[in-house]
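Colleague: Structure provided below as structure tokens; questions to follow.
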Amino acid sequence: MNRLKCVKGMHDVLPQDMPKWHFLEDSYRELVERYGYVEIRTPVLEPLELFVRGIGEDTDIVEKEMYAFDDKGGARLALRPEGTASVIRSFVQHNMHALQPVSKLYYIGPMFRRERPAKGRYRQFYQAGAELIGVADPAADAEIIDMAVQFVGALGIENVKVQVNSLGDRETRPAYRKALVEHFTGRTEELCSDCVRRLDTNPLRVLDCKVEGCRQVAAGAPSVLDFLAEGAREHFDELRRILDRNGTPYDVVPRMVRGLNYYTRTIFEIQGESKDLGAQSTIVGGGRYDNLVEELGGKSTPTIGFAFGIERLLLMLGDSARRERRDVVFVAAIGEGGLDRASSLARDLRRSGFDVEVPYAMGSLRSQLKKADRAGATVALIAGEDEAGRGAVTLRHMKQGSQEEVLLTDLRSRLEALK
Ligand code: HAM
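Residue numbers for the sequence shown follow my numbering, so the first one is -2 and each next one is one higher.
Laid out in structure tokens, this is it:
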């Protein structure tokens, strides 16, 4: 029979890679919980309409990349391509605003986009994200950006670039759109066919096109910052003042846009170094999306958040960044009744909180010690008949090969001391 493989662009996370994943996830939880965030888990399958309404029909994600299908009951579903729309759907569905005025929610989980697979770009990938719901002030934007920067720093990742921009409000957008269309219309022959179409549907996206001709025309496009209405301008100025005061290094990139339509005012990205990430250098993307709660049926609520691509962060992490393995105790089964003695000792020790491996079958001491070695044990306990008669076990230090006899009554404290 031929062997089956996982779907193109999707990957198994193998046991040997897990210590790095755990390190990253532990660090993330620890950091965001320090800022008062609590975890939320939403389903990976959602109504298709959530993303059509939330992210926007004319985005690459919804138009080209979503795994959408009808289930056997005829419901139109999609695998979530990102976490924000789902979190806000849940916020509205469960009336979270009635419980408290501000919700700080974080999540870690798989997302799905049918993009062309490349280094750092997958069809199933993991995001670690955070959403701050209910605060309109620029201090919230600054804290969200700071949290993302702190996280990257806590992982020991250096040489990143923080880029910020403001997309303004609903009032800003029509005038800016018009100016963009005017700029691009005279030069349509230099644009790719997608961008020519985008001029009608969503001209901001031309600024994000990777095709060289489009990039050149986009470089001379008007800056959104010249179109900001007073409220959005003051908001952006205040954000910059706080970032400066905090000493957070950043660049204002006036032609930066994001691939999701829900953003208003502040947007930001953190870029990593291309030597680690190839062309996929964006490790975090985020921003304010003050209209989304209302668009998903809730009452108008300001919101801001971000999400990291976990695989991209992992590509940048050194090998020393891994969750340490806890010490393993191996209990060897020797002599008459050895397996029973070993298994009951193992059960006792596990109940006391030790990580314990057993041989499952009798064998020579030599072969059992080999098993202990393979299991990564630091200590082997040899529960032989003679020692059992004395109420004791032999404790072998695996690295040194030295042994000592320890009374069962002293065993826990002796093992604790060796940790
Ligand atoms: P996004 O920029 O689409 O934003 O994705 C955030 C991050 O997810 C990216 O910076 C990247 O690291 C990672 N990512 C995206 N696509 C892929 C892929 N195909 N393979 C590997 N990694 C990928 C959002 O998703 C927004 N929901 C962020 C947000 C939260 N805005 C406000 N709150």
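C-beta: ideal position from N, C-alpha, C; glycine also. These numbers were taken from a predicted model, which means no experiment stands behind them.
I need the straight-line Cα distance from R253 to V353, nearest angstrom please.
Modeller: It should be noted that the sequence gives Met, not Arg, for residue 253. M253 and V353: Cα-Cα distance of roughly 53 Å.
Colleague: Which of the three DSSP states is assigned to K272 in this structure?
Modeller: In the structure shown, K272 sits in a helix (DSSP, three-state: H, G or I).
Colleague: Report the three-state DSSP secondary structure of L311 (helix, strand or coil).
Modeller: Correct three-state label for L311: helix.
Colleague: So what does DSSP say about H91, is it helix, strand or coil?
Modeller: H91: coil per DSSP, three-state reduction.
Colleague: Which term fits N156, buried or exposed, when burial requires 16 or more other beta carbons within 10 angstroms of its beta carbon?
Modeller: Per the 10 Å Cβ criterion, exposed.
Colleague: Rounded to the nearest angstrom, what separates E22 and R323 at their Cα positions?
Modeller: The alpha-carbon atoms of E22 and R323 are separated by roughly 17 Å.
Colleague: With a threshold of 7 Å (Cβ to nearest heavy atom), would T81 be considered close to the ligand HAM?
Modeller: T81: yes, Cβ under 7 Å from the ligand HAM.
Colleague: Quick check: the stretch 165 to 185 against the stretch 213 to 228, are at least 3 beta-carbon pairs closer than 8 Å?
Modeller: Flag = yes, the stretch 213 to 228 and the stretch 165 to 185 touch.
Colleague: To the nearest angstrom, how far is it from the Cα of G419 to the Cα of A145?
Modeller: Any answer about residue 419 is impossible in this case: the structure gives the chain only from -2 up to 416.
Colleague: Quick one: complete alpha helix (DSSP H) runs, 4+ long, within the stretch 216 to 269?
Modeller: You should have 227 to 243.
Colleague: Please report how far the alpha carbon of S317 lies from the alpha carbon of L28, in whole angstroms.
Modeller: If you take the alpha carbons of S317 and L28, they lie about 19 Å apart.
Colleague: Grab the span of the beta strand (DSSP E) containing K368 for me, first residue to last.
Modeller: No beta strand (DSSP E) contains K368, which is instead part of the alpha helix (DSSP H) from 362 to 371.
Colleague: With P171 as the anchor, note down where its alpha helix (DSSP H) starts and where it stops.
Modeller: Residues 169 to 182.
Colleague: Can you say whether T185 is buried or exposed, counting buried as having 16 or more other CB atoms within 10 angstroms of its CB?
Modeller: By the 10 Å Cβ count, T185 comes out exposed.
Colleague: Which whole-angstrom value describes the C-beta separation of G388 and L404, a residue pair presumed to lie in contact below a C-beta threshold of 8 Å?
Modeller: Going by Cβ atoms, the distance from G388 to L404 rounds to 6 Å, so yes, they are a contact pair.
Colleague: Using a Cβ-Cβ cut-off of 6 Å (strictly less than) and excluding sequence neighbours within five positions of K101, which residues of its own chain qualify?
Modeller: Around K101: G33, Y34, L129.
Colleague: Sort T298, A414, L346 by Cα distance to A95 and report the nearest one.
Modeller: The option with the nearest alpha carbon to A95 is T298.
Colleague: In chain order, which beta strand (DSSP E) runs of at least 3 residues are fully inside the stretch 5 to 84?
Modeller: List check, beta strand (DSSP E) in window: 42 to 44, 65 to 67, 73 to 76.
Colleague: For D9 and P78, I'd like the C-alpha separation in whole angstroms.
Modeller: D9 and P78: Cα-Cα distance of roughly 19 Å.
Colleague: Does DSSP put P107 in a helix, a strand or coil?
Modeller: P107 falls in the strand class under three-state DSSP.
Colleague: For Y123, which residues does DSSP report across the bridge?
Modeller: DSSP lists P107 as partners of Y123.
Colleague: Among F224, K416, A151, R212, which one has its Cα closest to the Cα of A176?
Modeller: Nearest of F224, K416, A151, R212 to A176, Cα basis: F224.
Colleague: Does the stretch 325 to 338 come within contact of the stretch 346 to 366, defined as at least 3 CB pairs closer than 8 Å?
Modeller: Touching, yes, given that three or more Cβ pairs across the two stretches are closer than 8 Å.
Colleague: Just to confirm, are E266 and Q160 a CB contact at a threshold of 8 Å?
Modeller: Result yes, Cβ atoms of E266 and Q160 sit closer than 8 Å.
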